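Quick notes on the structure that follows.
In the numbering used here, the protein residues as written are 329 to 716.
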């Protein structure tokens, strides 16, 4: 509620936009992004989650609420799946409302929630041992958020985390976040900043997260897919002016000489060599759901393609092969159904700036959505050859 950005959201009690706030601990600087949970606003959630490194999935332990979020088509499901594709490295599952009268810090209820979540998160592609941490909290009383829960209220938590059960040895949420190590960030690689939004404030300012490379004031950058070159006039991290920003920072960048219409959501700010901008991609994806009226995917299927911050309409042009859950591969398959892994070619209505997953994982992941459902998650394996 505190993170809701406008009156309308507070009145409805639902988050629509992605709210932001900053806080610091002794070890790290954090930006909180409160992404919407409601199914009509999933595209906004994709934008927010594409900037995050750690996802905190807050699950209610209250009787009935936990089950509602996890039934077929429940929202908790779709979110966990999207987080994996959008490159969220760690998932912290906070089992909230432990102080509720129906729960009263019961270990049985907590374990029941955790046991139900494990197989599901595994199916999303998370390695439970390394990437998922479970922690019981109460947001209302603040137990286990910053300070450890009183052992009188909850006698089982201390022996549990000391033994490293639930993949965590830290008793509190804050301590857990401080202990997570981020890897795969190369400050010397070519610069890549997907643009999330832009506005005018004495010059055009683009907003986004540095995925790789370092953004310095005075650098010349190229904006893909328009190939225009601009000079960086200013960089702000957490709304504080800085001389350079490293990977992982959420930044504002002032581009010299750019008009508002030159910078669009979904463009990518690059240094040389710039990223590719393509209208066709070859990709590998997992089909997770299909709309009610079309139960199989064939060539000619039309849907919406979301990658980092851009969304574009696309068509499946050709299916190269499918693998079902028993591992049987069908070459040149005519169709694909739910639960299969598919290698196919996708054609986009306009070119989008992307990279292969092998080179830049952050710009090589995508999701396909249609009729308000996420139908496939995947990675780009090949781009068309360069035209010189």
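In this text, a Cβ means the ideal position worked out from N, Cα and C, and glycines have one as well.
For clarity, every value in this text was computed on a predicted model and none was experimentally measured.
| request: Determine the burial state of residue 472: buried for a count of at least 16 other Cβ atoms within 10 Å of its Cβ, exposed for fewer. | output: buried
| query | Is DSSP giving residue 591 helix, strand or coil here? | reply | coil
| Under three-state DSSP, which class holds residue 489? | helix
| message | Starting from residue 562, trace the beta strand (DSSP E) in both directions and tell me its first and last residue. | response | 556-565
| message | Spatial neighbours of residue 380 within its chain, please: C-beta separation below 7 Å, excluding the five flanking residues on both sides. | response | 361 and 416
| field | Stretch-stretch touch, CB-based, cutoff 8 Å, three pairs: the stretch 566-581 with the stretch 532-546 | value | yes
| task | Would you mind working out which of 607, 498 and 665 sits nearest residue 712, comparing C-alpha positions? | result | 607
| request: Taking all protein chains shown into account, decide if residue 320 is buried (16 or more other Cβ within 10 angstroms of its Cβ) or exposed. | output: Nothing can be reported for residue 320, as the shown portion of the chain is limited to 329 through 716.
| task | Mind checking who residue 696 pairs with in its DSSP beta bridge? | result | 633 and 704
| request: Tell me whether residue 504 sits in a helix, a strand or coil according to DSSP, three-state version. | output: helix
| query | Assuming residue 631 contacts residue 663 under a Cβ cut-off of 8 Å, what Cβ separation, rounded to an integer in Å, is found between them? | reply | Actually they do not touch by this definition, with Cβ atoms about 15 Å apart.
| task | Alpha carbon to alpha carbon, how far is residue 583 from residue 464? Give it in angstroms, no decimals. | result | 45 Å
| If residue 556 and residue 590 are in contact, beta carbons under 8 Å, what's the gap, nearest whole angstrom? | 6 Å
| What is the DSSP secondary structure of residue 329, reduced to helix, strand or coil? | Note that residue 329 scores a pLDDT of 48, beneath 50, so its modelled location is shaky; the value from the coordinates is reported in the next line. Coil, per DSSP.
| request: Go to residue 665, then tell me how far its beta strand (DSSP E) extends in each direction, as first and last residue. | output: 663-665
| query | How many angstroms separate the CA atom of residue 628 from the CA atom of residue 622? | reply | 12 Å
| query | Which residues in the same chain as residue 570 place their Cβ atom closer than 6 Å to its Cβ, once the five residues preceding and following it in sequence are excluded? | reply | 563
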